[in-house]
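Each remark here refers to the structure printed beneath this line.
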Amino acid sequence: MGRIVILTGAGISAESGLGTFRDEGGLWAQHRIEDVATPEGYARNPALVHRFYNARRIQAAAAAPNAAHLALARLEAEHSDVVTIVTQNVDDLHRRAGSHHVLQMHGRLAGALCDICGHRWEAPPEMDEETPCPACHRAAARPDVVWFGEVPHYMDEIAALLAEARLFAAIGTSGQVYPAAAFVEEARAAGAETVEMSLEPTAVSHLFDDCLVGPATETVPRWVEGMLG
Ligand SMILES: [Zn+2]
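The following block contains the structure:
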């Protein structure tokens, strides 16, 4: 069996109504990235950061997986190769669509992390700076998401997957955020075939063997259909 590695980014969740820091409307538009998505911002104003992530957590819980998420779950279930999704998204739409092998490199909105002892647990819908850690009982709960300036999760595991990949696909990711932007080069170095699916051509489109341009809910189901042929 071969290995297929699929990187997904904000573009796949955008069609489920979840915005990103690049969007002009929505939750992010009311805040500066340095205030709500950095350790320094959290240290300055934890109440603001908790309110922001509480709103995102509630929004994500109300969102539904779309045709692109569902097609990738079908690919994992029906293709003879081993399919692993590496996602930059902090929502849980891949899992809710039925995907099992999902690495959330930027953490999870549904998770809580103790800033003092490092314990992780399922976040309540709403947290604040008084929320106690169930392990050390101190009030140091933060969202279990990777902020700017922090190291993404699973980097060794992802490097090992890319080194074995026969096919690498990048879906709905701008190619601008490192280290994810380097994945296509690692996959190519390992001899993998590469395909990009995005709303419009990206800064790294020239690095892929094939580029499918359009909304993920159209390109991904069509690509999966072709893969399962
Ligand atoms: Zn703790």
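Numbering (the numbering used here), first residue to last: 718 to 946.
Where is the CB? At the ideal position from N, CA and C, for every residue including glycine.
Whose C-alpha, out of V800, A779, L830 and H836, is nearest the C-alpha of A788? Residue 788 sits at position 71 when you count from the first residue of the sequence shown. It is V800 whose Cα lies nearest to the Cα of A788.
Complete runs of the beta strand (DSSP E) confined to the region 757-832 [at least 3 residues]:
799-804, 819-821 and 824-831
| task | Identify whether W940 lies in helix, strand or coil by the three-state DSSP scheme. | result | Counted from its first residue, the sequence shown places residue 940 at position 223. Looking at W940 - three-state DSSP - the assignment turns out to be helix.
Pull the bridge partners of E913 from the DSSP assignment, please. Looking up residue 913 in the sequence shown gives position 196. A887 and C928.
Fill in: Limits of the unbroken alpha helix (DSSP H) element including R905
For the purposes of this step, residue 905 is identified with residue 188 of the sequence shown, where counting begins at 1. F900 to A906 is the extent of the alpha helix (DSSP H) around R905.
At a cut-off of 8 Å, is A857 close to ligand 1 when judged by its beta-carbon and the heavy atoms of the ligand? Start at 1 with the first residue of the sequence shown, and residue 857 comes out as number 140. Yes, since a heavy atom of ligand 1 falls inside the 8 Å radius drawn around the Cβ of A857.
*Do T725 and N806 have their C-beta atoms closer together than 9 Å?*
To locate residue 725, count along the sequence shown from 1; it is residue 8. To locate residue 806, count along the sequence shown from 1; it is residue 89. Closer than 9 Å, so yes.
Practice task
In angstroms with no decimal places, state the Cα-to-Cα distance between E843 and A814.
Solution key: Translated into positions along the sequence shown, residue 843 becomes position 126. Translated into positions along the sequence shown, residue 814 becomes position 97. Answer to the nearest angstrom: the Cα atoms are 24 Å apart.
7 Å Cβ shell around E847 - same chain, five flanking residues per side excluded: On the sequence shown, position 130 is the one that residue 847 refers to. The residues are A856.
ask   = Over what stretch of residues does the beta strand (DSSP E) that includes V722 continue unbroken?
value = Here residue 722 corresponds to residue number 5 of the sequence shown, with the count starting at 1. Unbroken beta strand (DSSP E) run through V722: R720 to T725.
Counting only beta-carbon separations shorter than 9 Å, does T848 have a partner in chain B?
Of the protein chains in this structure there is only one, and it is not chain B.
Review point. Can you tell me whether S797 is buried or exposed, with buried defined as 16 or more other CB within 10 angstroms of its CB?
Key: Here the question's residue 797 lines up with position 80 in the sequence shown. Burial call: exposed.
Exercise for the section: Reducing DSSP to helix, strand and coil, say where W745 ends up. Expected result: Taking the first residue of the sequence shown as position 1, residue 745 is located at position 28. Three-state result, W745: helix.
Practice prompt. State the start and end residues of the unbroken beta strand (DSSP E) segment that holds E839.
Written response: Position 122 of the sequence shown, counting from 1, holds the residue named residue 839. Counting along the chain, the beta strand (DSSP E) containing E839 begins and ends at R837 to E839.
Span of the alpha helix (DSSP H) around V894: Locating residue 894 in the sequence shown gives position 177, counting from the first residue. Premise fails: V894 is in no alpha helix (DSSP H) and is neither H nor E.
- Name the DSSP beta bridge partners of L862, please? Taking the first residue of the sequence shown as position 1, residue 862 is located at position 145. The residue asked about is misnamed: residue 862 is Val in this sequence, not Leu. Paired residue(s): G824.
| query | Mind checking Q821: buried by the 16 CB within 10 Å criterion, or exposed? | reply | Stepping through the sequence shown from its first residue, residue 821 is reached at position 104. When all chains shown are included, Q821 counts as buried.
Q. Residues in its own chain within less than 7 Å of Y759 by CB, not counting five upstream and five downstream?
A. The count along the sequence shown starts at 1 and reaches residue 759 at position 42. Around Y759: V766 and R859.
Please list the terminal residues of the continuous alpha helix (DSSP H) segment that includes V753. One-based indexing of the sequence shown puts residue 753 at position 36. Segment I750 to V753, the alpha helix (DSSP H) holding V753.
inquiry  = Please list the terminal residues of the continuous alpha helix (DSSP H) segment that includes M844.
reply    = Reading the sequence shown from its first residue, position 127 is the one you call residue 844. From DSSP, M844 is part of no alpha helix (DSSP H); its letter is neither H nor E.
Worksheet item: Smallest Cα separation from A829: which of P869, C850 and A904?
Response: As a first step, residue 829 must be located in the sequence shown, where it is residue number 112. With distances taken between Cα atoms, A829 lies closest to C850.
Margin query: At a threshold of 8 Å, does G835 count as lining ligand 1 (C-beta to nearest heavy atom)?
Written below: Translated into positions along the sequence shown, residue 835 becomes position 118. Checking every heavy atom of ligand 1 against the Cβ of G835, one is found closer than 8 Å.
Checklist line | Straight-line gap, V862 to A852 (C-alpha atoms, nearest Å) | finding: Here residue 862 refers to the residue found at position 145 of the sequence shown. Here residue 852 refers to the residue found at position 135 of the sequence shown. Cα-Cα distance, rounded: 19 Å.
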